[in-house]
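Protein chains in written order, with the working numbering: chain D, 1070 to 1380; chain F, 1070 to 1380; chain R, 1070 to 1380. A short write-up of the structure that comes next.
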Amino acid sequence: MKKFTNISDLKDLNTAVDEAIALKKNPRAHVTLGEGKTVGLLFFNKSLRTRLSTQKAANNLGMHVMVMNFGDEAWNLEYEDGTIMETIRSEHVKEAAKVMSQYCDIICIRAFAGLENKEEDQAEPVLTNFIKYATVPIVNLESATGHPLQALADAITIKEQNTKKRPKVVLSWAPHPKALPHAVANSFIEMMRYQDADFCITNPKGYDLDPEITKGIDIYHDQEEALKDADFVYVKNWCSFEDYGKVNISTREWMMTKEKLGDAKFMHCLPIRRNIVAEDAVLDCDQSLVIEQANNRTYSAQYVLKTLLEN
Amino acid sequence: MKKFTNISDLKDLNTAVDEAIALKKNPRAHVTLGEGKTVGLLFFNKSLRTRLSTQKAANNLGMHVMVMNFGDEAWNLEYEDGTIMETIRSEHVKEAAKVMSQYCDIICIRAFAGLENKEEDQAEPVLTNFIKYATVPIVNLESATGHPLQALADAITIKEQNTKKRPKVVLSWAPHPKALPHAVANSFIEMMRYQDADFCITNPKGYDLDPEITKGIDIYHDQEEALKDADFVYVKNWCSFEDYGKVNISTREWMMTKEKLGDAKFMHCLPIRRNIVAEDAVLDCDQSLVIEQANNRTYSAQYVLKTLLEN
Amino acid sequence: MKKFTNISDLKDLNTAVDEAIALKKNPRAHVTLGEGKTVGLLFFNKSLRTRLSTQKAANNLGMHVMVMNFGDEAWNLEYEDGTIMETIRSEHVKEAAKVMSQYCDIICIRAFAGLENKEEDQAEPVLTNFIKYATVPIVNLESATGHPLQALADAITIKEQNTKKRPKVVLSWAPHPKALPHAVANSFIEMMRYQDADFCITNPKGYDLDPEITKGIDIYHDQEEALKDADFVYVKNWCSFEDYGKVNISTREWMMTKEKLGDAKFMHCLPIRRNIVAEDAVLDCDQSLVIEQANNRTYSAQYVLKTLLEN
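What follows is the structure, given as structure tokens:
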């Protein structure tokens, strides 16, 4: 593994999950591996779980952590080639990525979708350019189109909680007052392709995800039908892909309720808006795995950092 | 000790002071105690002494430190139960506190009073909810109504500087252009209840603190009378409790001067507005203990973190 | 060495360069030197290289690092003596510097020129007052008038790259859409005084730097003439010193091009605006040393921190 920006960068998902579970049992077993090594965490957006769990993971490996909030603390970056740089973007990613590669052994980056320009978001200017110009491994802490550390944590959680030979897993769209990116849903779907599971997606008409990503997966526009006999229900809002970046707020009926959930386990990446995405009764019942998913973020990140350090 | 959010959480103030003084003599004596342990410092407000002294204290104990400026770096938190979360508050404290408890062995929080709603401030929504939902010990880095790490540092300072059997200590109100919270004064008063001292408060009419907190303590509205034969004068502004959050800026006569101070030691928690709260001559004379109070913040925090780690 | 705020604080530039190059070969050779020691990095302005390279340098020496973004995280500082502090500046540098000296073994400060008041910038209120009131060594991470850590890194880079007995080094002004400080240019000039080199400056009329700093150095207003037979060309924008803080944006002809550069090595402190300060062809060719200059920032900082720790 030379980088971790997609689930497909993992040599093998099942091995990764098993090794992450081993790290969870003994988090400090490799505390000398990262000695004298530095990980840089670059945030272009807010973060709670990602920020703290990645720091924790790095500390567990004995690494130094340098956190940088790019917007506030450093210069605005230019990503275009050949520009006459006369705007507020005072540093080119070419220099920034090369320079940071000299201070950091691994660079982790969070840069959300802007949701204004589909082509630009799909092109992943921040991540792509850091991969191109950095000379050290890049880790995706949630980019415009993917959040693979979350998906790996989700795979760990499913592995820990699953009791069936072939569980039924449903990704169920939820309402939200703000337009949200597709990253979490995309990576969850990518990850589910490696699982022996009965997997489907349910969302309202007009909210189908990128057809390249959902190809071959059943999409139901009838939530009730999709949820039937589910073992795991992963709830998540995303804005329209077709009518890019738009959000329809009059669809409260898609909120996850205890009744709809039935006996299934409830999953969400957090942060979650209570009584909009899911009702309190869902989040406060024993079937909710959200806190454990967040816990597994540490071991998801630790597996990735450890693997990159070993290469 | 399971948490430290009030002076009353200390098993015994005198023991705490003595142990803190021992730590000050040998700050790195317990540098392996915190190995592999992490303290999270959550700031909802600005900080200089608290931010740096708590980091220093944690480092002295060999702990990892993760600092998070909540407002800028993470999501706005919701504290109400049962809300339909459609405002900018996109994460509930229930999730945030539980999640962070998985990354941190101790969580320290600064969340000032808003000074707009007395009932809300008295209810301490941030601190109370973190205590309720977190599964690790909580430390108060100044909440709406208390600043016990400062009060413990003040107790250390008085112990180091006192030469009398039963010193006279006066808490003296000072003017200030901005409305300031009651936290420092409240905790100082709480701490003084454990001291063998002649303690009184002096403030203008209309500036009496919460009567529940000052119960049984002499309050003088005549500053000169209160300051007579004082050994320690703790100067601090606070806004009106009665007329909650209001500030009367036309009371320059309450500023501490060298003349009023006499031979007493001068104390203040900092930051201090020179020539408004106290004149330069007070801050620049040998009787001022403010720099030493700030120094003792490190050992106050270190005692608390050490005690929580040992439990 | 008691502080490092100017190149002249170095006992000997050549020794510093040689020792920095030795640290570069074996960065972790002194990893126990800083054990239990803390460096505070105070930022009043943005930073990428300085922030990360100084952290890296401190980590290489085994020090703890505490980063503080003063504007956002702490109180606004007052620098004037005797003021009645009723503005937004709620803490005096006297207290701040003394207090921080108790938490940090070394304090490093970045505080750019405001470029509105020449006398104020020349007086260096932040740096001067921290030097005056702090009780620990101060390191300049770029002040209003100097950036000596950059100049030391530049000296390292020249030493590594130079093949001539007495190279010709040219400091060449470049256009820029924003008014920029003189700090980098000033320190580069100060550093060049210790070099056995043929050194000159070239800038448009009206952009001569502080005559006290350039005294005795040839200044050409004809860039072509100055660049003839150059071995190293250090390109940098600065605003007018005479017409203080003003910028003339209609001087695109001063941009560095591959043609003008000839066979010389290209240097710049970064961040750089491509195709304004220098064209892409300059930055992307093998003659560009900018990435290596940034790399050397780590060893420049590490030499300074190590020397201060040893004293």
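The C-beta atom is built at its ideal place from N, Cα and C for all residues, glycine as well. Only a predicted model underlies this, so the values are computations on that prediction, with no experimental measurement involved.
- Delimiting residues of the beta strand (DSSP E) encompassing residue 1345 of chain F: Where residue 1345 of chain F is concerned, there is no enclosing beta strand (DSSP E), given that its DSSP letter is neither H nor E.
Check: Out of curiosity, what's the CA-to-CA distance linking residue 1190 of chain R and residue 1201 of chain R?
Finding: The straight-line gap separating the alpha-carbon atoms of residue 1190 of chain R and residue 1201 of chain R is approximately 17 Å.
Exercise for review: Write down the C-beta distance between residue 1378 of chain D and residue 1102 of chain D rounded to the nearest angstrom, noting that I regard them as a contact closer than 8 Å.
Suggested key: 5 Å
task = List the residues of chain F whose Cβ lies closer than 9 Å to the Cβ of residue 1172 of chain R, in chain order.
result = 1118, 1121, 1122, 1124, 1125, 1363, 1364, 1366 and 1367
| task | Could you name the residues of the segment 1340-1352 of chain F whose beta carbon sits closer than 9 Å to any beta carbon of chain R, in the order they occur along the chain? | result | 1340, 1341, 1342, 1343, 1344, 1345, 1346, 1349 and 1352
Quiz prompt | Stretch pair the segment 1163-1171 of chain D + the segment 1135-1153 of chain R: three plus CB contacts closer than 8 Å | solution = Too few Cβ pairs lie closer than 8 Å, so no.
Out of D:1380, D:1374 and D:1364, which one is the CA nearest neighbour of residue 1094 of chain D? Taking only the C-alpha atoms, the option nearest residue 1094 of chain D is D:1364.
Would you kindly check if the distance between the Cβ of residue 1248 of chain D and the Cβ of residue 1195 of chain D is under 8 Å? no
According to DSSP, simplified to helix, strand and coil, what is residue 1201 of chain D?
The three-state secondary structure of residue 1201 of chain D, taken from DSSP, is helix.
Environment of residue 1300 of chain D [buried if 16+ CB atoms lie within 10 Å]: Under the 10 Å beta carbon count, residue 1300 of chain D is surrounded by 16 or more other beta carbons and is classified as buried.
_Pull the bridge partners of residue 1260 of chain R from the DSSP assignment, please._
DSSP, once it has assigned bridges, lists no residue as partnering residue 1260 of chain R.
_Could you tell me the alpha carbon to alpha carbon distance between residue 1305 of chain F and residue 1240 of chain F, rounded to whole angstroms?_
7 Å
Nonlocal neighbours in the same chain, by C-beta distance under 7 Å from residue 1156 of chain R, ignoring five residues either side
none
- Under 8 Å, do residue 1122 of chain F and residue 1366 of chain F count as touching if we go by C-beta distance? Cβ distance < 8 Å, so residue 1122 of chain F and residue 1366 of chain F count as in contact.
* Indicate whether residue 1327 of chain R and residue 1354 of chain R have their beta-carbon atoms separated by less than 8 Å. => yes
- Query: Along chain R, in chain order, which residues have C-beta atoms closer than 8 Å to that of residue 1360 of chain F?
  - Reply: 1164, 1167, 1168 and 1171
* Asked: Mind checking whether residue 1356 of chain R and residue 1370 of chain R have CB atoms under 8 Å apart?
  -> no
Residues from the segment 1147-1160 of chain D in contact with chain R, defined by Cβ distance under 7 Å: Against chain R - using a Cβ distance shorter than 7 Å - the residues of the segment 1147-1160 of chain D are 1151, 1152, 1153, 1154, 1155, 1159 and 1160.
- prompt: So is residue 1235 of chain R buried or exposed if we call it buried at 16+ other beta carbons inside 10 Å?
  reply: exposed
- Query: Would you call the segment 1265-1277 of chain R and the segment 1207-1214 of chain R in contact, with 3 or more CB pairs under 8 Å?
  - Reply: no
- Message: For the pair the segment 1108-1116 of chain F and the segment 1171-1185 of chain F, tell me if three or more CB-CB distances fall below 8 Å.
- Response: yes
#### Entry: Contiguous beta strand (DSSP E) assignments of at least 3 residues, all confined to the segment 1263-1351 of chain D
1267-1271, 1287-1289, 1301-1305 and 1334-1336
Check: Do you know offhand how far residue 1340 of chain R's Cα is from residue 1144 of chain D's?
Finding: Rounded to the nearest whole angstrom, the C-alpha separation of residue 1340 of chain R and residue 1144 of chain D is 8 Å.
Cβ-based contacts, 9 Å cut-off: residues of the segment 1085-1115 of chain F near chain R: 1096, 1097, 1100, 1112 and 1115
message = Tell me which residues share the same chain as residue 1350 of chain R and place their Cβ nearer than 6 Å to its Cβ, disregarding the 5 neighbours each side in the sequence.
response = 1327
Just to make sure I have the definition right: I need the residues of chain F whose C-beta is within less than 8 Å of the C-beta of residue 1180 of chain R. Which are they? Within 8 Å Cβ-Cβ: nothing; residue 1180 of chain R doesn't reach chain F, min ~16 Å.
- Item | Closer than 8 Å to chain F by CB, residue 1355 of chain R | no
Using beta carbons (cut-off 8 Å, strictly below), is residue 1143 of chain R in contact with chain F?
Yes, because at least one Cβ of chain F sits closer than 8 Å to the Cβ of residue 1143 of chain R.
Pop quiz: residue 1222 of chain F and residue 1362 of chain F are said to be a contact at Cβ under 8 Å. What is the actual Cβ separation, rounded to whole angstroms? 6 Å
Item to check | Beta-ladder partner(s) of residue 1357 of chain R, from DSSP | outcome: Under DSSP, the beta-bridge partners assigned to residue 1357 of chain R are R:1335.
> Rounded C-beta distance between residue 1380 of chain D and residue 1132 of chain D? I'm assuming under 8 Å.
Replying inline: That pair is no contact at about 15 Å.
* Asked: What residues in the segment 1237-1261 of chain D bring their beta carbon closer than 7 Å to a beta carbon of chain F?
  -> 1246
Who are the neighbours of residue 1133 of chain D on chain R, taking C-beta pairs under 7 Å? 1128
- Message: At the level of alpha carbons, what is the spacing between residue 1208 of chain F and residue 1120 of chain F?
- Response: 13 Å
Review point. Residue 1288 of chain D and residue 1277 of chain D: beta carbons closer than 8 Å?
Key: yes
Count the other C-beta atoms from every protein chain shown that fall within 10 angstroms of the C-beta of residue 1118 of chain R, then say buried if there are 16 or more, exposed otherwise. buried
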